[in-house]
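Engineer: The structure's right below; bear with me while I get my questions together.
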Amino acid sequence: MTVVIDNVLGPVMPRHPEKAHRPDQPALRKPDWIRVKAPVSPGYLETQRIVRANGLHTVCEEAGCPNIGECWEKKHATFMIMGDTCTRACAFCNVKTGLPGALDAAEPEHVAEATRKLGLSHVVVTSVDRDDLDDGGATHFAAVIGAIRARCLDTSIEVLTPDFLRKDGAIETVVAARPDIFNHNLETVPAKYLTVRPGARYFTSIRLLQRVKEIDPGMFTKSGIMVGLGETRNEILQVMDDLRSADVDFLTIGQYLQPSRKHHAVIRFMPPEEFQALATIAYAKGFSMVSASPLTRSSHHAGEDFARLRALRATR
Ligand code: SF4
Numbered sequence: 503m504t505v506v507i508d509n510v511l512g513p514v515m516p517r518h519p520e521k522a523h524r525p526d527q528p529a530l531r532k533p534d535w536i537r538v539k540a541p542v543s544p545g546y547l548e549t550q551r552i553v554r555a556n557g558l559h560t561v562c563e564e565a566g567c568p569n570i571g572e573c574w575e576k577k578h579a580t581f582m583i584m585g586d587t588c589t590r591a592c593a594f595c596n597v598k599t600g601l602p603g604a605l606d607a608a609e610p611e612h613v614a615e616a617t618r619k620l621g622l623s624h625v626v627v628t629s630v631d632r633d634d635l636d637d638g639g640a641t642h643f644a645a646v647i648g649a650i651r652a653r654c655l656d657t658s659i660e661v662l663t664p665d666f667l668r669k670d671g672a673i674e675t676v677v678a679a680r681p682d683i684f685n686h687n688l689e690t691v692p693a694k695y696l697t698v699r700p701g702a703r704y705f706t707s708i709r710l711l712q713r714v715k716e717i718d719p720g721m722f723t724k725s726g727i728m729v730g731l732g733e734t735r736n737e738i739l740q741v742m743d744d745l746r747s748a749d750v751d752f753l754t755i756g757q758y759l760q761p762s763r764k765h766h767a768v769i770r771f772m773p774p775e776e777f778q779a780l781a782t783i784a785y786a787k788g789f790s791m792v793s794a795s796p797l798t799r800s801s802h803h804a805g806e807d808f809a810r811l812r813a814l815r816a817t818r
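All you need for my numbering is the position in the sequence shown, starting with 1, plus 502.
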């Protein structure tokens, strides 16, 4: 029986108390095409130093992202704001679950300073879910965007937000801060929501993305799903249609990897050629940009992809 613990700070605490008593899930052996770079380079260590010096959290570390060796070598880190503790308990996610602490009013400046020190031309900012806050953390997102804009004039800003479920006005607050790209992940197909993303609602997420475009038709929108959670191909194609109905520009599709035996099992490893086939279909359905591969993550190569997306729109 595996219990996931976090003993980096303070006493030994279960990282996922809600999962601690669940039976272990089977763990499939990873195929050869899931290969990652070891996190050992000087660039990696420098990224780690800057993140630590500013007291920040990254989703790269908290989610146990397989790309961290590659991304941090290039000083590409994705900041996770509003603490390291999430009010939701999704079955796929490695971020700690619990009651988060108060917001850090200095965090926007620290994120901006780390963005400057890392020399990021494109920064991705995400967060834990903050269902405990009246606005879900939307005002804090806006403050972070404002601080980066003030300090890093040439940096494009991508936000990857929670769903702001039952937080009226939250989407409007974030859009008004003018990020360059508004990302919100669906994570999985609607039939899997109750088991994979139980605190969320599929059509709330679709509606969020649609609402962003209603408020600001020029804002780029982006969303992503994981495969390997037991979804069918037709369900994936339906998600593509739903996202296109919401006029989403950019789709990411990556392989789900199981953080621990307490998390949702990997039902299947999709071979790389099936990702390519899905990308072809997604382009045919009208997405401007698609990233689909086993190691695709929302923020993987986000800067290069955003530059291509912007250039594409300019030519149109
Ligand atoms: S893919 Fe995103 S989350 Fe993963 S290491 Fe790279 S920047 Fe971080």
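Where is the CB? At the ideal position from N, CA and C, for every residue including glycine.
1. If you draw a straight line from the C-alpha of T549 to the C-alpha of W574, how long is it?
2. Relative to the C-alpha of R680, which candidate in T723, L696, A794 has its C-alpha closest?
3. Quick one: what does DSSP say L511 is sitting in, helix, strand or coil?
4. May I have a chain-ordered list of the alpha helix (DSSP H) segments no shorter than 4 residues that lie completely inside the region 520–605?
5. If we count the other Cβ atoms within 10 Å of its Cβ and call it buried at 16 or more, is T587 buried or exposed?
6. Straight-line CA distance for A784 to V792?
7. Please return the same chain residues whose Cβ sits closer than 8 Å to the Cβ of G545, not counting the five positions on each side in sequence.
8. Any idea if N687 is buried or exposed, counting beta-carbon neighbours within 10 angstroms, 16 or more meaning buried?
9. When you compare each of I683, P610, D749, T641 to F666 by their alpha carbons, which one comes out closest?
10. With a cut-off of 8 Å, do at least 3 Cβ pairs link the region 623–631 to the region 647–661?
11. Hey, would you say the C-beta of S543 is under 7 Å away from at least one heavy atom of the ligand SF4?
12. With distance defined between alpha-carbon atoms, name the residue in A779, R770, M582, S800 nearest to I536.
13. List the endpoints of the continuous alpha helix (DSSP H) containing T782.
14. Please confirm whether T617 and I650 have their CB atoms less than 8 Å apart.
15. What are the uninterrupted segments assigned as beta strand (DSSP E) that are 3 or more residues long and contained completely in the region 673–729, given in chain order?
16. Pairs of beta-carbons, one from the region 553–567 and one from the region 604–621, closer than 8 Å: are there three or more?
17. Could you give the C-beta distance for D484 and F808, rounded to a whole number, given that I count them as a contact under 8 Å?
18. For I570, verify whether its CB is less than 7 Å away from any heavy atom of the ligand SF4.
Structural biologist: In this structure, then:
1. C-alpha of T549 to C-alpha of W574: approximately 6 Å in a straight line.
2. It is T723 whose Cα lies nearest to the Cα of R680.
3. Unreliable placement is indicated for L511, whose pLDDT of 41 sits below 50; the coordinate value is still reported in the next sentence. DSSP places L511 in coil when its eight states are reduced to three.
4. 544–555, 561–564, 570–575
5. buried
6. Taking the straight line from one Cα to the other gives about 7 Å.
7. W574, E575, K576, K577
8. buried
9. T641
10. yes
11. Not so, every heavy atom of the ligand SF4 lies at least 7 Å from the Cβ.
12. R770
13. 774–786
14. Yes, the pair counts as a contact, with Cβ atoms nearer than the cut-off.
15. Segments of the beta strand (DSSP E) lying fully in the region 673–729: 683–685, 722–729.
16. yes
17. This structure cannot settle anything about residue 484, because the visible part of the chain is limited to 503 through 818.
18. yes
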